[in-house]
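K.L.:
Sharing a structure below in structure tokens format, with a few things to ask.
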Amino acid sequence: MGENSCIFCDIITRKLPHANVYEDINFVVLMDKYPINRGHALIIPKTHYDNLLLMPRNEVGRLYSLVPSIAAAIVTSVKADGFNVGQNNGRAANQIVPHVHVHIIPRFNDDCPNGRWPMRRVASHEELLKIADGIKRLLNPTLVNRE
Ligand SMILES: [Zn+2]
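Okay, structure coming up:
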């Protein structure tokens with residue numbers, strides 16, 4: 064399953080600390096350590112796939128079916144004005160961790176006046192835990208995981 068040195072596989076098997084927002088049998092949602100904006104989260108399949116093309120199509124469907132519920136909780140929690148959904152495949156596409164993940168990035172009016180992405184920054188673990196807590200409170204697991 065997991066590769067030898069995959070940071071997401073390590074996080075998923077709880078070898079590394081992380082700020083968790085949601086977890087079910089197939090997926091975890093956690094806060095990005097290098098957020099573009101406050102509330103930037105990642106939806107990650109527990110099974111390791113290097114990229115989206117290697118993932119069974121029905122699992123891709125399940126992965127994306129989580130997006131609206133998670134995004135709604137994030138947007139409400141951090142009072143965002145909008146959000147981006149991003150999924151990078153391959154180095155050329157700026158995929159840093161070769162384990163499939165979907166970015167949910169809250170956006171704020173005028174968060175980047177030059178029209179580019181806001182700068183990523185390093186968030187403290189305490190800060191991420193606090194934001195994760197706020198999002199978790201708005202997530203109803205029975206609503207998220209309808210199958
Ligand atoms: Zn992995």
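Read left to right, the sequence shown gives residues 64 to 210 (the working numbering). Even glycine gets a Cβ: it sits at the ideal position worked out from N, Cα and C. Just so you know, these numbers come straight off a predicted model, no measurement behind them.
Quick one: grab the DSSP three-state call for Pro-131.
P.N.:
Three-state result, Pro-131: helix.
K.L.:
Thinking Phe-71 and His-188 are a contact (beta carbons under 8 Å), I'd like their distance in whole angstroms, please.
P.N.:
In fact, because the Cβ distance is near 17 Å, the residues do not count as touching under 8 Å.
K.L.:
Can His-81 be considered in contact with ligand 1, in the sense that its beta carbon sits closer than 7 Å to one or more heavy atoms?
P.N.:
His-81: no, Cβ never under 7 Å from ligand 1.
K.L.:
Does ligand 1 have even one heavy atom less than 7 Å from the beta-carbon of Phe-71?
P.N.:
Phe-71: yes, Cβ under 7 Å from ligand 1.
K.L.:
In whole angstroms, what separates the C-alpha of Ser-128 from that of Met-118?
P.N.:
Cα to Cα, Ser-128 sits roughly 15 Å from Met-118.
K.L.:
Tell me which residues share the same chain as Asn-100 and place their Cβ nearer than 7 Å to its Cβ, disregarding the 5 neighbours each side in the sequence.
P.N.:
Correct list, in chain order: Ile-168, Pro-169, Arg-170, Phe-171, Asp-174 and Pro-181.
K.L.:
Please confirm whether any heavy atom of ligand 1 lies closer than 7 Å to the CB of His-49.
P.N.:
Residue 49 lies beyond the residue range present for the chain, which begins at 64 and ends at 210; the question has no answer from this structure.
K.L.:
At a cut-off of 7 Å, is His-111 close to ligand 1 when judged by its beta-carbon and the heavy atoms of the ligand?
P.N.:
Yes, Cβ of His-111 sits closer than 7 Å to a heavy atom of ligand 1.
K.L.:
State the start and end residues of the unbroken beta strand (DSSP E) segment that holds Ile-168.
P.N.:
Ile-168 -> beta strand (DSSP E) spans 165 to 170.
K.L.:
Output the distance between the C-alpha atoms of His-162 and Pro-108, rounded to the nearest integer angstrom.
P.N.:
So the alpha carbons of these two residues sit roughly 8 Å apart.
K.L.:
With a cut-off of 8 Å on the beta carbons, I'd call Cys-140 and Ile-198 a contact; round off their distance for me.
P.N.:
The sequence given here places Ser at residue 140; Cys does not occur at that position. So it is a contact: roughly 5 Å between Cβ atoms.
K.L.:
So is Ala-40 buried or exposed if we call it buried at 16+ other beta carbons inside 10 Å?
P.N.:
The structure shown does not extend to residue 40, since the chain spans only 64 to 210, so no value can be given for it.
K.L.:
DSSP state of Asn-147, grouped into three classes?
P.N.:
It is a strand residue.
K.L.:
Are Val-148 and Val-130 close, meaning C-beta to C-beta below 8 Å?
P.N.:
Yes, the Cβ-Cβ distance between Val-148 and Val-130 is below 8 Å.
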